[in-house]
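Note sheet for the following structure.
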Amino acid sequence: DQQVKQNSPSLSVQEGRISILNCDYTNSMFDYFLWYKKYPAEGPTFLISISSIKDKNEDGRFTVFLNKSAKHLSLHIVPSQPGDSAVYFCAASGHSGAGSYQLTFGKGTKLSVIP
Amino acid sequence: GAGVSQSPRYKVAKRGQDVALRCDPISGHVSLFWYQQALGQGPEFLTYFQNEAQLDKSGLPSDRFFAERPEGSVSTLKIQRTQQEDSAVYLCASSLGADQPQHFGDGTRLSIL
Chain A
1 DQQVKQNSPS LSVQEGRISI LNCDYTNSMF DYFLWYKKYP AEGPTFLISI SSIKDKNEDG
61 RFTVFLNKSA KHLSLHIVPS QPGDSAVYFC AASGHSGAGS YQLTFGKGTK LSVIP
Chain B
116 GAGVSQSPRY KVAKRGQDVA LRCDPISGHV SLFWYQQALG QGPEFLTYFQ NEAQLDKSGL
176 PSDRFFAERP EGSVSTLKIQ RTQQEDSAVY LCASSLGADQ PQHFGDGTRL SIL
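Just so you know, the protein sequences line up as chains A and B, in that order.
Taking our numbering, the leading residue of the first sequence gets 1, the next gets one more, and so forth.
Taking our numbering, the leading residue of the second sequence gets 116, the next gets one more, and so forth.
Written out as structure tokens, the structure reads:
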């Protein structure tokens, strides 16, 4: 039973346009959400995070939106660049109990930015 | 280096052998996590240390898996009597605090023949 779902295995976007990556979660105890970017043969690289007390966090070209009532978050990249081509993982954690702070990941979305 | 360092990058072992995977976290990072990533999947949590204390080992798949961080810095993940289903990438991550973003190493790709 997947607690974090990324329903789009892949996404192709033209260079300069907006990339929107989506993520849904089921566990109401999650209160901290992160996006990671992963190139082949490398570990995930932290991109941006958001706490459940916010609904938006922005860092340069990257913005994460959180809709708690829908248990949905999205990552917007604008403008998209060829170097953004990678696999993007959504991750979530909750701050309670013995299992706190561990990250629960989705399966990832492979983004291809076409020059 | 400034990042999380893992060694070896690749490990091939025969079924039944024991293996040890090493993680050097970012200096000063109190929290250390181990994850297992199967092909086409996201990383899955194995265990968590705060300094030298192993506070959560709920993700370890069997008693063949053992992790330690004796001095609160370097950590070792040991897998005894390896099985083919242990083949995966093992990722280590560290963070300043448990509720801070985790920073990952490049992983160890383990192949069991």
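Note that beta-carbon positions come from the ideal geometry of N, C-alpha and C, so glycine has one too.
In this text, all values refer to a predicted model and were calculated from it rather than measured experimentally.
Can you look up residue 31 of chain A in the DSSP assignment and give me helix, strand or coil?
Coil.
If the cut is a Cβ gap below 9 angstroms, which residues of chain B does residue 71 of chain A touch?
Within chain B, no residue comes near residue 71 of chain A; the closest Cβ sits about 17 angstroms away, beyond 9 angstroms.
Going by DSSP, which residues form a beta bridge with residue 135 of chain B?
DSSP, once it has assigned bridges, lists B:193 as partnering residue 135 of chain B.
Excluding the 5 residues flanking residue 10 of chain A on each side, which residues of the same chain have their C-beta closer than 6 angstroms to its C-beta?
Hits under 6 angstroms: 110.
In chain B, what lies closer than 7 angstroms to residue 108 of chain A by C-beta?
157
Out of B:147, B:180, B:174, B:214, point me to the one whose CA is closest to residue 168 of chain B's CA.
Here the closest residue by C-alpha is B:147.
Measure the alpha-carbon distance for residue 131 of chain B versus residue 177 of chain B and round it to whole angstroms.
14 angstroms
Other residues of its chain near residue 33 of chain A: CB distance less than 6 angstroms, five sequence neighbours each side excluded:
Once the five neighbours on either side are set aside, the close Cβ partners of residue 33 of chain A are 50, 73, 92.
Beta carbon proximity, residue 139 of chain B to chain A, threshold 9 angstroms:
no
What's the C-alpha gap between residue 213 of chain B and residue 54 of chain A?
Going by the C-alpha atoms only, they are around 20 angstroms apart.
With distances taken Cα to Cα, identify the nearest neighbour of residue 46 of chain A among B:181, B:118, B:173, B:133.
Selected option, being the one with the closest Cα: B:118.
May I have the straight-line CA-CA distance separating residue 77 of chain A from residue 16 of chain A, to the nearest angstrom?
10 angstroms
Label residue 127 of chain B either buried or exposed according to how many other C-beta atoms from any shown protein chain fall within 10 Å of its C-beta, with 16 as the threshold for buried.
With fewer than 16 other Cβ atoms within 10 Å, it is exposed.
Thinking residue 180 of chain B and residue 161 of chain B are a contact (beta carbons under 8 angstroms), I'd like their distance in whole angstroms, please.
7 angstroms
Does the distance from the CB of residue 4 of chain A to the CB of residue 94 of chain A come in under 9 angstroms?
no
Just grab the DSSP bridge partners of residue 142 of chain A for me.
With chain A covering only 1 through 115, there is no way to say anything about residue 142 of chain A.
Under 7 angstroms by beta carbon: chain A residues contacting residue 218 of chain B
Correct list: 46.
So, residue 191 of chain B versus residue 200 of chain B, is the Cβ gap smaller than 9 angstroms?
no
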